[in-house]
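Peer 1: Going down the list, the protein sequences come from chains A and B. Start counting the first sequence at 70; every next residue gets the next number (this note's numbering). Start counting the second sequence at 477; every next residue gets the next number (this note's numbering). By construction, the Cβ of each residue, glycine as well, lies at the ideal position given by its N, Cα and C atoms. Take this structure, written in structure tokens, and hold onto it; I'll ask about it next.
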Amino acid sequence: EAQVTQNPRYLITVTGKKLTVTCSQNMNHEYMSWYRQDPGLGLRQIYYSMNVEVTDKGDVPEGYKVSRKEKRNFPLILESPSPNQTSLYFCASSTRDSSYGYTFGSGTRLTVV
Amino acid sequence: GEDVEQSLFLSVREGDSSVINCTYTDSSSTYLYWYKQEPGAGLQLLTYIFSNMDMKQDQRLTVLLNKKDKHLSLRIADTQTGDSAIYFCAESYTGNQFYFGTGTSLTVIP
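See the structure below:
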């Protein structure tokens, strides 16, 4: 089944403890992206990647890192999480020309206390 | 990013039609999309329209695009309780930059 898989689905952590949210897609998509969803703000893009070893900042990159060492994986790293990073995170992927839109993962609900 | 605006809430009675509206600012948008998010789930692509089209129909869904006014709408005919969800409008141009609206929460009253 074609899908984007994120892990974990739920995570509660403490301020300053490094964490990684994994994302993997099995559709051979070139393009991958991370979004955060907050009430009343819709989806805001954190980082995106056009292909292996090519990443760029989205609208809200502060406090996040990403890497794209393989085509299928695009982990999101929070080196020192803070409470304002409590949010619902989505990974998504698409073909290069985006004509069929994104395929989204099921989301990761992160709480930083 | 570009501005994509939607109203936050919409309530309709079961069996009525729902119309969800969206305005966008980027006149170079190539594709416009509607996504559905059910509680606790990711976003699912419902339908999309190319910017050179005015209308697209897909079963109970009708998408209307007014390029002059930069207005996109999604009409759901015979709305059912299973249609209750958040609906996101999104735009993109080639280059994979997607811009999403804030989402419209549709409540269907039985």
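#1: Assuming contact is defined by CB atoms lying nearer than 8 Å, are B:Thr-580 and A:Gly-111 in contact in what I supplied?
#2: Taking the alpha-carbon positions, what's the B:Thr-555 to B:Ile-525 distance?
#3: When you compare the stretch 488-506 of chain B with the stretch 170-181 of chain A, are there three or more beta-carbon pairs, one atom per stretch, that lie closer than 8 Å?
#4: Which residues, taken in chain order from the stretch 148-164 of chain A, show a beta carbon closer than 7 Å to some beta carbon of chain B?
#5: Among the residues of its own chain, which have a CB less than 6 Å from the CB of B:Tyr-500, if the five just before and after it don't count?
#6: Using the beta-carbon of each residue, which ones in chain A are nearer than 8 Å to B:Thr-578?
#7: Please say whether B:Val-584 and B:Asp-559 have beta carbons closer to each other than 8 Å?
#8: Going along chain B, which residues have a C-beta under 9 Å from A:Phe-143?
#9: By a C-beta neighbour count over all protein chains shown, 10 Å radius and 16 as the cutoff for buried, is B:Arg-489 buried or exposed?
#10: Going by other Cβ atoms of all chains shown within 10 Å of its Cβ, with 16 needed for buried, is A:Arg-78 buried or exposed?
#11: Going by C-alpha distance, which of A:Thr-84, A:Lys-138, A:Phe-143 and A:Ile-81 is nearest A:Ser-162?
#12: DSSP state of B:Gly-477, grouped into three classes?
#13: At the level of alpha carbons, what is the spacing between A:Ser-151 and A:Leu-179?
Peer 2: The structure says:
#1: As a position in the second sequence, residue 580 of chain B is number 104, starting the count at 1. As a position in the first sequence, residue 111 of chain A is number 42, starting the count at 1. No, the pair does not count as a contact, with Cβ atoms beyond the cut-off.
#2: If you number the second sequence from 1, residue 555 of chain B lands on position 79. If you number the second sequence from 1, residue 525 of chain B lands on position 49. Using only the alpha carbons, I get a separation of about 21 Å.
#3: Taking 8 Å as the limit for Cβ pairs, the verdict is that the stretch 170-181 of chain A does not touch the stretch 488-506 of chain B.
#4: Interface annotation for the stretch 148-164 of chain A against chain B: Phe-159 and Ser-163, criterion Cβ-Cβ distance under 7 Å.
#5: Position 24 of the second sequence, counted from the first residue, corresponds to residue 500 of chain B. In the same chain as B:Tyr-500, and ignoring 5 residues on each side of it, the C-beta atoms closer than 6 Å to its own belong to Val-480, Lys-546 and Glu-567, in chain order.
#6: Working through the second sequence from its first residue, we reach residue 578 of chain B at position 102. Within 8 Å of the CB of B:Thr-578, the CB atoms of chain A belong to Gly-109, Leu-110 and Gly-111, in sequence order along the chain.
#7: Sequence index remark: in the second sequence, residue 559 of chain B carries index 83 (1-based). Sequence index remark: in the second sequence, residue 584 of chain B carries index 108 (1-based). Contact annotation: B:Asp-559 and B:Val-584 have beta-carbon atoms nearer than 8 Å.
#8: If you number the first sequence from 1, residue 143 of chain A lands on position 74. Neighbourhood of A:Phe-143 in chain B, by CB distance below 9 Å: empty, with the nearest CB roughly 13 Å away.
#9: In the second sequence, counting from the first residue as 1, residue 489 of chain B sits at position 13. Classification of B:Arg-489: exposed, given that the 10 Å Cβ count is below 16.
#10: In the first sequence, the residue the question calls residue 78 of chain A occupies position 9. A:Arg-78 sits exposed, since fewer than 16 C-beta atoms from the chains shown fall within 10 Å of its C-beta.
#11: Translated into the one-based positions of the first sequence, residue 162 of chain A becomes position 93. Of A:Thr-84, A:Lys-138, A:Phe-143 and A:Ile-81, the residue nearest in Cα terms is A:Phe-143.
#12: For the purposes of this step, residue 477 of chain B is identified with residue 1 of the second sequence, where counting begins at 1. Any reading at B:Gly-477 must be qualified, since the residue scores a pLDDT of 49, below 50, and its modelled position is unreliable; no value is offered.
#13: Counted from its first residue, the first sequence places residue 151 of chain A at position 82. Counted from its first residue, the first sequence places residue 179 of chain A at position 110. Answer to the nearest angstrom: the Cα atoms are 11 Å apart.
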